[in-house]
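Asker:
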Amino acid sequence: MDVINLYEIILKNYLDLIDTNQFIDIIAHRYANKNNIVFSSFFESLAQEDTLDAVRKISFKARQQKYYRILDQISSSKRINSFLKNELSISSNNILRIVANFCGLILIMVLRILNGLNMKLLDIELRKYQNTLFIPFITFIDKHIVYNQSSQNNILIKEILEFLNRTSDQTLTIPIFINANCSQACLRWLSFSYLNAYEYANILRIIYNIARHDEGVVILNKCQCHKILIQFNTEILTRKIDFIIDKKWYEDLQLIYFMILILIVDSNELITESTNWFIAYRLSPAIFDGILSRTYRHQKFHISELMIILMRLCTNDNFIHCISHKQYFTFPHDVLNVLNFLLHCVAIERFDFSVLSLDVLTVMALANILWSMSFHDRYKNTLIENIQIINRLIEFETSDIIEKILPNIYIPRHMSSLKRSIDGIWQNLHPSLPANQEINSLTKIKSICSLMISYSHIDIDFCRQLYNVLSIFPELSISVDFNNSKYLWKEISQTIEQTDLVLFIISNNFFNSKSCRQELIYVTSTLKKPFISVFINGNYQVTGWLKSQISESKYIHFEEKDFLDTCNELLSLIKQSLSINMSLVKNTSDIKQWNEKEVKQWFNNNNLMSELHDFYQFQNGNELLLYTQAILTFSWTKEYDRIKIRFEEKFKQQQQQQQYLSPHEFLKFINALKHLKNKNLSSI
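Every position in the sequence shown, counted from 1, becomes a number in the numbering used here once 189 is added.
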């Protein structure tokens, strides 16, 4: 029997013991000290380095099974759960202290073993512990930190933070942390000045891990993470005596601090001077150190994490040029060298799945960086000279490794697929020109004209809303890609070549998208086709590469004014550009006369869930108005609670999967009804 099996048996017996009613009488009263000594001595032996080395040599599957058995044991203990919630109902303060110490000791030893097992976990595997472990852990830390009691349980706090840090390092687990309100808690803890350096480091690492997930970025920005981080840097990081004395602590936390900023703040909104300093004195040395390391790590950061930060910065042309002039990291030679080495590593297929996954993620980040660089003439010669590496990248993209790895790793939204990056690099280095392109005469009136919509997939809701309006016109044949995962440049370029007019949906997301940049350059510079710039936000300021491309184009702004009115203005521009005859969008004032199709169109125009329309099944405008009158007379939450379960049950039966109606989606529906009522008072 190995030491971990023995540990599991002893742990189970101890947990069974503390959950019995006789525990307090038998153990806590008479044998507390003796049992604590025996218990701690055994578990301290497990924490020895040679024991942990033996643990790490266990097969991945065996470690995984042990990991979840231990989690099951600890999460099912009623006494441990009460301890974490600060709900131990014991009248004697002395006995309460003994029991609390016993529970704390068990948790410390359990967490050390779990951290030693060092599992790579998926969200779906850990989700069942969200309410029984993750929320109690976060609540426990919160109470002790907020009330400045962390010193009473500082070892346990340290082990819990380390556990949260390690699990959140697996980006697929971040939805658990979001649901447990971990983002809000960590930002709250960061504002306290009395924590130690180790606690600040773990808290920052957890925030950083959350920021690696797209949903995490949204939550952090809602919680004013940027403001809190700046306050932390100003009031704690640069002033706390721990960081003044220990320069390494200061530099390590400063690296994490800047990495979080780059993930949550748009690259065009970063302060140029401080970001350039970070690139020169923190990021570049870290990348250089990671490249030279046998494990491809700088401290706890894998090179893939550093390359993703670099990739984010490269969406801004100014930062690309800043990086290329730094002494530690030679652009683009080091990028190509690292890529070449990793392609060799994955070609021989390492047996460690987790390492192979990180290699693939690094390759994807490097390909994205090379794509950003390929837009600039100063780097093209170097890329062409190393075209054999690009060719190896093409071979790798078609291998079965990608299919095996991608389903099990998290790909952030701002990272383009390998296929898309390769196509982009190739197009920039060797621009493809359409064969026998036929230039359409704009003076000739056509009965049907082709229209393409180019947009960032982050703005898909607006694009769908616009498409739903334009698609009702038989004079327009509209091409738009709503399937982000199947982007192929060859098909996109052919569509552009065949289209009469292109609509570019301009936003900051469009500016940051290399795919959008590629499409716009192909339209404006290569083919010189007519296009219209459609601004989602009227206040958006065009800068950089985008400004030079669209400065003289026709444009229209969608702001807070009526959407259909703006659509009519856009249709007028389309008519002028294509010389076609089209009627304007029908904006029926008498809603009572709407038929079922027009009611459905109203749902589409307001970007509401199609399932809501199918659920209510309004047959005409009068039914919609009657419902509006009824629902707006009382709190919308009552109606939400009334239909939520029926809604989800109905579509679960139809689609064989859960269709969740969120409060946000239902509130959007209510607000659309309010707008309908206010605009058509005469009809209601």
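For each residue, glycine too, the CB sits at the ideal point set by N, CA and C.
#1: Is the beta carbon of L495 within less than 6 angstroms of some heavy atom of the ligand MG?
#2: With which residues is I642 paired in a DSSP beta bridge?
#3: Could you compute how far the alpha carbon of N202 sits from the alpha carbon of R268?
#4: The alpha helix (DSSP H) spanning F720 covers which residue range?
#5: Go ahead and pull the three-state DSSP assignment for K743.
#6: Taking only runs that begin and end inside the stretch 299-330, name each unbroken alpha helix (DSSP H) of 4 or more residues, in chain order.
#7: So which of S382, Y711, A390 and S645 has the shortest CA-CA distance to S425?
#8: Could you tell me the boundaries of the alpha helix (DSSP H) in which S372 lies?
#9: Please go through the same chain and pick out, in chain order, the residues whose beta-carbon is closer than 6 angstroms to the beta-carbon of E854, but skip the five residues on each side of it.
#10: Sort S473, I263 and G479 by Cα distance to L502 and report the nearest one.
#11: Taking the alpha-carbon positions, what's the N597 to I579 distance?
#12: When we look at the beta-carbon of P620 and count the other beta-carbons within 10 Å, is it buried (16 or more) or exposed?
#13: So, helix, strand or coil for F699, using DSSP?
#14: My assumption, with CB atoms under 8 angstroms, is that A400 sits in contact with L452. Please give the rounded CB distance.
#15: Among all the DSSP beta bridges, which residues are the ones paired with I667?
#16: Output needed for T461: all residues of its chain with C-beta closer than 7 angstroms, excluding positions within five of it in sequence on either side, in chain order.
#17: Could you give the C-beta distance for I297 and L345, rounded to a whole number, given that I count them as a contact under 8 angstroms?
#18: Going straight from the alpha carbon of K250 to that of I259, what length do you get?
#19: Closest to S265 by C-alpha separation, out of L322, L285 and I476, would be which residue?
#20: Determine the contact status of V552 and I590, defining contact as a CB-CB distance below 7 angstroms.
#21: Please report the Cβ distance between S666 and S639, rounded to the nearest whole angstrom; I am assuming they are in contact, meaning their Cβ atoms lie under 8 angstroms.
#22: Let me know the secondary structure DSSP gives F508 once reduced to three states.
#23: Alpha carbon to alpha carbon, how far is Q818 from I873? Give it in angstroms, no decimals.
#24: According to DSSP, is R486 part of a helix, a strand, or is it coil?
#25: To the nearest angstrom, how far is it from the Cα of D650 to the Cα of E388?
#26: Taking 6 angstroms as the limit between beta carbons, can you name the residues of its chain near K833, skipping five residues before and five after?
#27: According to DSSP, simplified to helix, strand and coil, what is H565?
#28: For M562, I'd like the list of residues in its chain whose CB is within less than 8 angstroms of its CB, leaving aside the five on either flank, ordered along the chain.
#29: Considering only residues of the same chain and omitting the five flanking positions on each side of L273, which have a CB-CB separation below 6 angstroms?
#30: Count Cβ pairs between the stretch 400-418 and the stretch 346-365 that sit closer than 8 angstroms; are there 3 or more?
#31: Measure the C-alpha to C-alpha separation of L528 and L555 and round it to an integer number of angstroms.
#32: Pull up the distance between the alpha-carbon of L450 and that of H415, whole angstroms please.
#33: Quick test of your reading: L582 and I611, contact by CB under 8 angstroms. State the CB separation rounded to the nearest angstrom.
#34: Hey, would you say A475 sits closer than 7 angstroms to L499, going by beta carbons?
Answerer: The answer reads as follows:
#1: For the ligand MG, the structure offers nothing, since it holds no ligand at all.
#2: Against the sequence shown, residue 642 aligns to sequence position 453. According to DSSP, which records beta bridges pairwise, I642 is partnered with L692.
#3: Here the question's residue 202 lines up with position 13 in the sequence shown. Here the question's residue 268 lines up with position 79 in the sequence shown. The alpha-carbon atoms of N202 and R268 are separated by roughly 13 angstroms.
#4: On the sequence shown, residue 720 is found 531 positions in, with the first residue counted as 1. From DSSP, F720 is part of no alpha helix (DSSP H) but of the beta strand (DSSP E) over F720 to F724.
#5: Counting from one through the sequence shown, the residue named residue 743 turns up at place 554. Here K743 sits in strand by DSSP.
#6: Runs of alpha helix (DSSP H) with 4 or more residues, each lying fully within the stretch 299-330, are found at 312-315, listed in chain order.
#7: Start at 1 with the first residue of the sequence shown, and residue 425 comes out as number 236. According to the sequence provided, residue 425 is Ile. The question's Ser does not apply to it. Of the listed residues, the one whose Cα sits closest to I425 is S382.
#8: Here residue 372 corresponds to residue number 183 of the sequence shown, with the count starting at 1. C371 to L379 is the extent of the alpha helix (DSSP H) around S372.
#9: Here the question's residue 854 lines up with position 665 in the sequence shown. Closer than 6 angstroms at the Cβ level, and outside the excluded window around E854, lie M798.
#10: Here the question's residue 502 lines up with position 313 in the sequence shown. Of the listed residues, the one whose Cα sits closest to L502 is S473.
#11: For the purposes of this step, residue 597 is identified with residue 408 of the sequence shown, where counting begins at 1. For the purposes of this step, residue 579 is identified with residue 390 of the sequence shown, where counting begins at 1. Between N597 and I579, the C-alpha separation is close to 25 angstroms.
#12: Counting from 1 along the sequence shown, the entry for residue 620 is found at position 431. Exposed: under 16 other Cβ atoms inside 10 Å.
#13: Here residue 699 corresponds to residue number 510 of the sequence shown, with the count starting at 1. Here F699 sits in helix by DSSP.
#14: Taking the first residue of the sequence shown as position 1, residue 400 is located at position 211. Taking the first residue of the sequence shown as position 1, residue 452 is located at position 263. That pair is a contact at about 4 angstroms.
#15: By 1-based counting over the sequence shown, the position of residue 667 is 478. Paired residue(s): L640.
#16: Here residue 461 refers to the residue found at position 272 of the sequence shown. The residues are N507.
#17: Stepping through the sequence shown from its first residue, residue 297 is reached at position 108. Stepping through the sequence shown from its first residue, residue 345 is reached at position 156. 5 angstroms between Cβ atoms; contact.
#18: Here residue 250 corresponds to residue number 61 of the sequence shown, with the count starting at 1. Here residue 259 corresponds to residue number 70 of the sequence shown, with the count starting at 1. Their backbone Cα atoms lie some 14 angstroms apart in a straight line.
#19: Taking the sequence shown and counting its residues from 1, one reaches residue 265 at position 76. The residue with the shortest Cα to Cα distance from S265 is L322.
#20: Taking the first residue of the sequence shown as 1, we reach residue 552 at position 363. Taking the first residue of the sequence shown as 1, we reach residue 590 at position 401. Contact flag unset, no.
#21: On the sequence shown, position 477 is the one that residue 666 refers to. On the sequence shown, position 450 is the one that residue 639 refers to. With a Cβ gap of about 5 angstroms, S666 and S639 count as contacting.
#22: Within the sequence shown, residue 508 is the residue found at index 319, counting from 1. The answer is helix: DSSP assigns F508 an H, G or I state.
#23: Residue mapping note: residue 873 aligns to position 684 of the sequence shown, counting from 1. Residue mapping note: residue 818 aligns to position 629 of the sequence shown, counting from 1. Because I873 sits at a pLDDT of 43, beneath the cut-off of 50, its placement in the model cannot be relied upon, and the point is left open.
#24: As a first step, residue 486 is located in the sequence shown; it is residue number 297 there, counting from the start. Residue state, collapsed to three classes: strand.
#25: Within the sequence shown, numbered from 1, the residue matching residue 650 stands at position 461. Within the sequence shown, numbered from 1, the residue matching residue 388 stands at position 199. Spanning the two alpha carbons is a distance of roughly 40 angstroms.
#26: As a working mapping, residue 833 is identified with position 644 in the sequence shown. Result list for K833: L850, in chain order.
#27: As a position in the sequence shown, residue 565 is number 376, starting the count at 1. DSSP places H565 in coil when its eight states are reduced to three.
#28: Indexing the sequence shown from 1 puts residue 562 at position 373. So the list reads C503, I509, F520, P521, V524, Y568 and L572, once near-sequence residues are dropped.
#29: Looking up residue 273 in the sequence shown gives position 84. Closer than 6 angstroms at the Cβ level, and outside the excluded window around L273, lie P325 and F329.
#30: yes
#31: In the sequence shown, residue 528 corresponds to position 339, counting from 1. In the sequence shown, residue 555 corresponds to position 366, counting from 1. Distance between the alpha carbons of L528 and L555: 7 angstroms.
#32: As a working note, residue 450 is residue 261 in the sequence shown. As a working note, residue 415 is residue 226 in the sequence shown. Spanning the two alpha carbons is a distance of roughly 7 angstroms.
#33: One-based indexing of the sequence shown puts residue 582 at position 393. One-based indexing of the sequence shown puts residue 611 at position 422. Indeed, because the Cβ distance is near 6 angstroms, the residues count as touching under 8 angstroms.
#34: Sequence index remark: in the sequence shown, residue 475 carries index 286 (1-based). Sequence index remark: in the sequence shown, residue 499 carries index 310 (1-based). Against a cut-off of 7 angstroms, the Cβ pair of L499 and A475 comes out as no contact.
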